[in-house]
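Chemist: Protein chains in written order, with this note's numbering: chain A, 89 to 392; chain B, 48 to 407.
Idealized CB from N, CA, C, for every residue including glycine.
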Amino acid sequence: MSMYFYSGSGKSQQVVKAVDDVTFHIYQGETFGLVGESGCGKTTTGRSIIRLYTPTSGEMFLDGEDISGPMNSRLRRYITDKVAMIFQDPVDSLNPRMTVREIIGEGLEVRGIKDKAVVDEKVYSILNKVGLTREHATRYPHEFSGGQRQRIGIARAIVVEPAMVIADEPVSALDVSIQAQVINLLGSLKEDLGLTILFIAHDLSVVKHFSDRIGVMYYGKLVEVAEADELYDNPIHPYTRALLSAIPHPNPLSEKRRRRITYDGLETHDYSVEQPSMVEILPEHFVYCSPSEAESYRREFKRK
Amino acid sequence: MNNQINDEIVLDVQDLTVSFRGFVGKVQAVRGVSFQLPRGKTVAIVGESGSGKSVTAKSIMGILAGNAIIEKGSILYDGDDLTKISEKQFQDIRGKKIGLIFQDPLSSLNPIMKVGKQITEMILENQKVSKKEARERALDLMRDVGIPDVEQRFEHYPFQLSGGMRQRIVIAIALANEPEILICDEPTTALDVTVQARILDMINELKYQKNLSIVFITHDLGVVANMADFVYVMYAGKVVEYGTSEEIFFNPKHPYTWALLSSMPDMDSKEKLLAIPGTPPNMLEPPVGDAFASRNRYAMEIDFKEQPPFFKVSDTHYAATWLLHENAPDVEMPEVLRNRIDRMLVEEEEYHKGRGEGNQ
Numbered sequence: 089m090s091m092y093f094y095s096g097s098g099k100s101q102q103v104v105k106a107v108d109d110v111t112f113h114i115y116q117g118e119t120f121g122l123v124g125e126s127g128c129g130k131t132t133t134g135r136s137i138i139r140l141y142t143p144t145s146g147e148m149f150l151d152g153e154d155i156s157g158p159m160n161s162r163l164r165r166y167i168t169d170k171v172a173m174i175f176q177d178p179v180d181s182l183n184p185r186m187t188v189r190e191i192i193g194e195g196l197e198v199r200g201i202k203d204k205a206v207v208d209e210k211v212y213s214i215l216n217k218v219g220l221t222r223e224h225a226t227r228y229p230h231e232f233s234g235g236q237r238q239r240i241g242i243a244r245a246i247v248v249e250p251a252m253v254i255a256d257e258p259v260s261a262l263d264v265s266i267q268a269q270v271i272n273l274l275g276s277l278k279e280d281l282g283l284t285i286l287f288i289a290h291d292l293s294v295v296k297h298f299s300d301r302i303g304v305m306y307y308g309k310l311v312e313v314a315e316a317d318e319l320y321d322n323p324i325h326p327y328t329r330a331l332l333s334a335i336p337h338p339n340p341l342s343e344k345r346r347r348r349i350t351y352d353g354l355e356t357h358d359y360s361v362e363q364p365s366m367v368e369i370l371p372e373h374f375v376y377c378s379p380s381e382a383e384s385y386r387r388e389f390k391r392k
Numbered sequence: 048m049n050n051q052i053n054d055e056i057v058l059d060v061q062d063l064t065v066s067f068r069g070f071v072g073k074v075q076a077v078r079g080v081s082f083q084l085p086r087g088k089t090v091a092i093v094g095e096s097g098s099g100k101s102v103t104a105k106s107i108m109g110i111l112a113g114n115a116i117i118e119k120g121s122i123l124y125d126g127d128d129l130t131k132i133s134e135k136q137f138q139d140i141r142g143k144k145i146g147l148i149f150q151d152p153l154s155s156l157n158p159i160m161k162v163g164k165q166i167t168e169m170i171l172e173n174q175k176v177s178k179k180e181a182r183e184r185a186l187d188l189m190r191d192v193g194i195p196d197v198e199q200r201f202e203h204y205p206f207q208l209s210g211g212m213r214q215r216i217v218i219a220i221a222l223a224n225e226p227e228i229l230i231c232d233e234p235t236t237a238l239d240v241t242v243q244a245r246i247l248d249m250i251n252e253l254k255y256q257k258n259l260s261i262v263f264i265t266h267d268l269g270v271v272a273n274m275a276d277f278v279y280v281m282y283a284g285k286v287v288e289y290g291t292s293e294e295i296f297f298n299p300k301h302p303y304t305w306a307l308l309s310s311m312p313d314m315d316s317k318e319k320l321l322a323i324p325g326t327p328p329n330m331l332e333p334p335v336g337d338a339f340a341s342r343n344r345y346a347m348e349i350d351f352k353e354q355p356p357f358f359k360v361s362d363t364h365y366a367a368t369w370l371l372h373e374n375a376p377d378v379e380m381p382e383v384l385r386n387r388i389d390r391m392l393v394e395e396e397e398y399h400k401g402r403g404e405g406n407q
């Protein structure tokens with residue numbers, strides 16, 4: 089899947105390849121973590137999936153159905169029914185003029201549930217699930233703390249029983265102690281409801297903690313995909329290694345002697361002769377590299 | 048490493064208490080904070096939003112908002128009490144003796160002035176040098192903070208630089224007058240991890256080169272481990288525990304420090320995080336006893352009634368929790384954290400073993 093943004097026209101036209109030829113799949117009931125630094129295209133990928141953007145090229149399938157075609161009312165209906173989104177900023181993503189009941193119930197009403205009592209019942213039970221109480225339903229978003237607002241955002245997403253949830257940096261605006269509450273909540277909801285989650289974040293320790301498989305993005309490309317533990321134990325792509333070495337650990341002794349790996353895409357790779365592609369280096373562990381690089385990565389792991 | 052607290056003290060904050068007048072009453076943001084900054088060391092102040100760490104930094108720089116009141120306490124620097132001196136006197140200290148780096152590099156730079164000029168302006172303002180000398184100094188500073196192609200960058204506007212580069216410019220400006228003390232208020236929070244790593248390494252290097260004393264304010268314990276010689280953990284406007292960085296990370300005593308450490312996602316395990324229940328207290332009416340008591344699973348009756356004093360753990364390590372009182376029951380830190388610390392210690396041992404063999 090690719091997503092290019094065009095600006096200007098004619099000679100001055102500039103193309104930003106925000107997401108460039110990205111391919112991945114998410115299994116039923118799995119949490120797929122998408123990490124990368126700002127500007128790498130992870131958010132654009134998520135937004136393209138719920139069709140906030142129309143991808144430039146490529147195909148997307150959800151439950152076997154093509155969702156990358158031209159937008160029509162049937163497709164819109166299909167996507168909104170199946171996919172829900174949790175946003176980063178719990179302040180901006182909740183309408184300040186709606187009560188919590190209205191915010192959470194809106195999705196149900198849009199889906200044709202007209203019976204007020206049924207909607208209320210569902211809202212109350214979902215509030216309970218996310219650790220709020222039914223008394224909260226009549227309040228407005230500004231009356232809540234950041235962590236509680238994110239709980240409301242989560243409730244709104246899961247109340248419609250979506251097939252997949254896209255969580256775009258759901259905890260990065262929160263304090264550490266609150267962050268842990270929300271991660272634990274998402275974790276238990278995942279187990280209880282069997283949710284399939286696309287988890288987008290820049291913080292690798294959070295992603296590692298939460299995801300089954302992880303994809304690493306760099307400059308619009310997906311450079312490495314593997315199971316979470318595998319990716320941390322055997323990072324292959326030089327960018328993944330650089331990213332891992334940059335995470336600060338809460339250990340003053342190891343921190344003071346650690347060496348960080350720096351990565352510069354242009355210096356590291358020479359793609360003028362060979363075209364890079366996704367290659368399976370280890371079982372279920374894919375790396376974006378040229379054939380000769382793949383060869384050297386494989387040798388490295390054989391020696392181990 | 049020299050962790051003696053009897054090093055020369057550059058900055059001495061004593062019992063600092065700051066409140067803000069609001070519509071509904073006084074918000075008690077900082078409630079009796081004391082810390083000492085030894086020369087050439089980094090003191091990290093850690094806490095969540097609203098713990099009072101930034102207000103403490105702003106008090107040191109004398110840039111508190113208009114509705115702030117310094118109720119009591121003192122900030123001793125170079126024989127002066129910074130809470131008492133006039134604004135005119137402060138201008139000789141701020142930016143010259145004490146430099147400041149903020150979180151957001153874009154809002155601390157002037158968007159319509161070339162970055163080179165912003166550095167030279169700072170130099171010309173405070174030093175008796177010619178424009179040409181100032182330019183040379185500015186270029187040197189830019190090289191010091193790791194900016195490539197300085198001649199070109201000198202002519203750039205802030206919007207033409209990346210976030211990391213902008214923060215380097217801000218650091219160059221902060222260092223322009225060779226301050227003794229650098230106050231960093233969440234300097235890398237807005238940056239990507241790889242950029243953050245480079246900026247932190249750079250600050251550490253400059254610290255040794257220029258013998259800077261640093262007050263480092265952050266909420267990220269990983270960053271603290273990287274930077275700090277001494278750590279002060281703040282909660283609800285008070286310091287709850289302080290000690291050397293090793294003492295805080297390997298032998299924490301206050302339940303809040305436990306909670307903070309164990310709520311961080313760990314790379315080596317998939318254990319469920321120990322979240323801290325509830326939310327921080329309302330600082331309009333801070334609780335009577337230990338402010339953390341209502342969120343503390345180890346809280347005792349006395350925690351709700353009386354503020355715990357500092358109990359001594361070692362010469363450099365103190366914690367304000369009744370759990371350290373001689374009559375308190377024996378309470379161990381949460382198992383998750385114990386396991387994690389044990390793992391780190393084992394790792395450390397193996398590292399030294401590996402090195403010992405390598406040397407022979």
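Could you have a look at residue 303 of chain A and say whether DSSP puts it in helix, strand or coil?
Modeler: Reading the first sequence from its first residue, position 215 is the one you call residue 303 of chain A. The answer is strand: DSSP assigns residue 303 of chain A an E or B state.
Chemist: Any idea if residue 389 of chain A is buried or exposed, counting beta-carbon neighbours within 10 angstroms, 16 or more meaning buried?
Modeler: For the purposes of this step, residue 389 of chain A is taken as the residue at position 301 of the first sequence. When all chains shown are included, residue 389 of chain A counts as exposed.
Chemist: Nearest chain A C-beta to residue 266 of chain B closer than 8 Å, yes or no?
Modeler: Sequence index remark: in the second sequence, residue 266 of chain B carries index 219 (1-based). Interface residue, yes.
Chemist: Kindly list the residues whose CB is nearer than 8 Å to the CB of residue 348 of chain A, restricted to its own chain and excluding five residues on each side of it in sequence; keep chain order.
Modeler: Your numbering for residue 348 of chain A matches position 260 in the first sequence. Excluding sequence neighbours, residue 348 of chain A sits near 330, 333 and 334.
Chemist: When DSSP labels each residue in this structure, what does residue 79 of chain B get in the three-state scheme?
Modeler: Taking the second sequence and counting its residues from 1, the one referred to as residue 79 of chain B is at position 32. Strand, per DSSP.
Chemist: In angstroms, rounded to a whole number, what distance separates the CA positions of residue 375 of chain A and residue 116 of chain A?
Modeler: Stepping through the first sequence from its first residue, residue 375 of chain A is reached at position 287. Stepping through the first sequence from its first residue, residue 116 of chain A is reached at position 28. Cα to Cα, residue 375 of chain A sits roughly 23 Å from residue 116 of chain A.
Chemist: Measuring CB to CB, does residue 295 of chain A end up less than 8 Å from residue 121 of chain A?
Modeler: Locating residue 295 of chain A in the first sequence gives position 207, where the first residue counts as 1. Locating residue 121 of chain A in the first sequence gives position 33, where the first residue counts as 1. Closer than 8 Å, so yes.
Chemist: Check this for me: beta carbons of residue 100 of chain B and residue 92 of chain B, under 8 Å apart or not?
Modeler: For this step, residue 100 of chain B is matched to residue 53 along the second sequence. For this step, residue 92 of chain B is matched to residue 45 along the second sequence. Result yes, Cβ atoms of residue 100 of chain B and residue 92 of chain B sit closer than 8 Å.
Chemist: Within its chain, find whatever has a CB closer than 7 Å to the CB of residue 125 of chain A; leave out the 5 residues flanking it on each side and keep chain order.
Modeler: Position 37 of the first sequence holds residue 125 of chain A. So the list reads 290, once near-sequence residues are dropped.
Chemist: Tell me, which residues are paired with residue 59 of chain B by DSSP?
Modeler: Counted from its first residue, the second sequence places residue 59 of chain B at position 12. Per DSSP, B/83 and B/123.
Chemist: Taking only beta carbons into account, state which residues of the stretch 345 to 362 of chain B come closer than 9 Å to chain A, listed in chain order.
Modeler: Those would be none; no residue qualifies.
Chemist: So is residue 99 of chain B in contact with chain A if we call contact Cβ pairs under 8 Å?
Modeler: Mapped onto the second sequence, residue 99 of chain B falls at position 52. No - not a single Cβ of chain A is within 8 Å of the one on residue 99 of chain B.
Chemist: Does residue 393 of chain A have its Cβ less than 8 Å from a Cβ in chain B?
Modeler: The requested residue 393 of chain A is not part of the displayed model; chain A covers only 89 to 392.
Chemist: Using 8 Å as the threshold, is the stretch 312 to 323 of chain A in touch with the stretch 141 to 160 of chain A, meaning 3 or more CB pairs across them?
Modeler: No: the two stretches stay apart, fewer than three of their Cβ pairs being nearer than 8 Å.
Chemist: Name the DSSP beta bridge partners of residue 296 of chain A, please?
Modeler: Against the first sequence, residue 296 of chain A aligns to sequence position 208. Answer is none; residue 296 of chain A lacks a bridge partner.
Chemist: Quick one: measure Cβ to Cβ for residue 142 of chain B and residue 169 of chain B, integer angstroms, because I've assumed they're closer than 8 Å.
Modeler: Residue 142 of chain B sits at position 95 when you count from the first residue of the second sequence. Residue 169 of chain B sits at position 122 when you count from the first residue of the second sequence. Contact holds; Cβ gap of about 7 Å.
Chemist: Give, in chain order, every unbroken run of the beta strand (DSSP E) that is at least 3 residues long and sits entirely within the stretch 211 to 281 of chain A.
Modeler: 252 to 256, all fully within the stretch 211 to 281 of chain A.
Chemist: Comparing C-alpha positions only, which one of B/177, B/208, B/174 and B/163 sits nearest to residue 187 of chain B?
Modeler: Within the second sequence, numbered from 1, the residue matching residue 187 of chain B stands at position 140. Of the candidates B/177, B/208, B/174 and B/163, the one whose C-alpha sits nearest the C-alpha of residue 187 of chain B is B/163.
Chemist: How would you call residue 323 of chain B, buried or exposed, if buried means at least 16 neighbouring beta carbons within 10 angstroms?
Modeler: By 1-based counting over the second sequence, the position of residue 323 of chain B is 276. So residue 323 of chain B counts as buried.
Chemist: Which of helix, strand or coil does DSSP assign to residue 373 of chain A?
Modeler: On the first sequence, position 285 is the one that residue 373 of chain A refers to. Three-state DSSP puts residue 373 of chain A in a strand.
Chemist: Report the neighbours of residue 233 of chain A on chain B: residues whose CB is nearer than 7 Å to its CB, in chain order.
Modeler: Within the first sequence, the letter at position 145 stands for residue 233 of chain A. Per Cβ cutoff of 7 Å: 326.
Chemist: Are the beta-carbon atoms belonging to residue 122 of chain B and residue 129 of chain B less than 8 Å from one another?
Modeler: As a working note, residue 122 of chain B is residue 75 in the second sequence. As a working note, residue 129 of chain B is residue 82 in the second sequence. Result yes, Cβ atoms of residue 122 of chain B and residue 129 of chain B sit closer than 8 Å.
Chemist: Residue 325 of chain A CB to nearest chain B CB: under 8 Å?
Modeler: Walking along the first sequence from the start, residue 325 of chain A turns up at place 237. False, the Cβ-Cβ gap to chain B never drops below 8 Å.
Chemist: Suppose you measure from the CA of residue 97 of chain A to the CA of residue 134 of chain A; what does that come to, to the nearest Å?
Modeler: By one-based count along the first sequence, residue 97 of chain A stands at place 9. By one-based count along the first sequence, residue 134 of chain A stands at place 46. Only weak support exists for where residue 97 of chain A lies, its pLDDT of 44 falling under 50; the value from the coordinates is given anyway. Their Cα atoms are separated by approximately 27 Å.
Chemist: Under the criterion of a Cβ to heavy atom distance below 7 Å, does residue 203 of chain A qualify as lining the ligand GTP?
Modeler: Of ligands this structure carries none, so the ligand GTP is not represented either.
Chemist: What whole-angstrom Cβ distance do residue 120 of chain B and residue 337 of chain A have, given they're in contact under 8 Å?
Modeler: By one-based count along the second sequence, residue 120 of chain B stands at place 73. By one-based count along the first sequence, residue 337 of chain A stands at place 249. In fact, because the Cβ distance is near 35 Å, the residues do not count as touching under 8 Å.
Chemist: Please classify residue 195 of chain A: does DSSP put it in a helix, a strand, or coil?
Modeler: By one-based count along the first sequence, residue 195 of chain A stands at place 107. In this structure, residue 195 of chain A counts as helix in the three-state DSSP scheme.
Chemist: Please confirm whether residue 249 of chain B has its beta-carbon closer than 8 Å to some beta-carbon of chain A.
Modeler: Locating residue 249 of chain B in the second sequence gives position 202, where the first residue counts as 1. Not closer than 8 Å to any Cβ of chain A, the Cβ of residue 249 of chain B fails to qualify, so no.
Chemist: In the structure shown, what three-state DSSP assignment does residue 155 of chain A receive?
Modeler: As a first step, residue 155 of chain A is located in the first sequence; it is residue number 67 there, counting from the start. Correct three-state label for residue 155 of chain A: coil.
Chemist: Assuming residue 284 of chain B and residue 77 of chain B are in contact, meaning their beta carbons sit under 8 Å apart, how far apart are those beta carbons, in whole angstroms?
Modeler: On the second sequence, position 237 is the one that residue 284 of chain B refers to. On the second sequence, position 30 is the one that residue 77 of chain B refers to. Correct: roughly 5 Å between the Cβ atoms.
Chemist: Of the residues that make up the stretch 252 to 285 of chain A, which ones have a beta carbon closer than 8 Å to any beta carbon in chain D?
Modeler: Looking for chain D here will not work: the only protein chains present are A and B.
Chemist: Closest Cβ-Cβ distance between residue 95 of chain A and chain B: below 8 Å?
Modeler: The count along the first sequence starts at 1 and reaches residue 95 of chain A at position 7. Low confidence applies to residue 95 of chain A: its pLDDT is 47, below 50, so where it sits in the model is not reliable enough to give any reading.
Chemist: Name the DSSP beta bridge partners of residue 231 of chain B, please?
Modeler: Looking up residue 231 of chain B in the second sequence gives position 184. B/148 and B/263.
Chemist: Taking the alpha carbon of residue 59 of chain B as the reference point, which residue from B/67, B/73, B/85 and B/365 has its own alpha carbon closest?
Modeler: Residue numbering aside, residue 59 of chain B sits at position 12 when the second sequence is read from its first letter. Here the closest residue by C-alpha is B/85.
Chemist: How long is the line joining the alpha carbons of residue 375 of chain B and residue 349 of chain B, rounded to whole angstroms?
Modeler: Against the second sequence, residue 375 of chain B aligns to sequence position 328. Against the second sequence, residue 349 of chain B aligns to sequence position 302. If you take the alpha carbons of residue 375 of chain B and residue 349 of chain B, they lie about 10 Å apart.
Chemist: Distance cutoff 8 Å, beta carbons only. Does residue 192 of chain A sit that close to anything in chain B?
Modeler: Translated into the one-based positions of the first sequence, residue 192 of chain A becomes position 104. No, because no Cβ of chain B sits closer than 8 Å to the Cβ of residue 192 of chain A.
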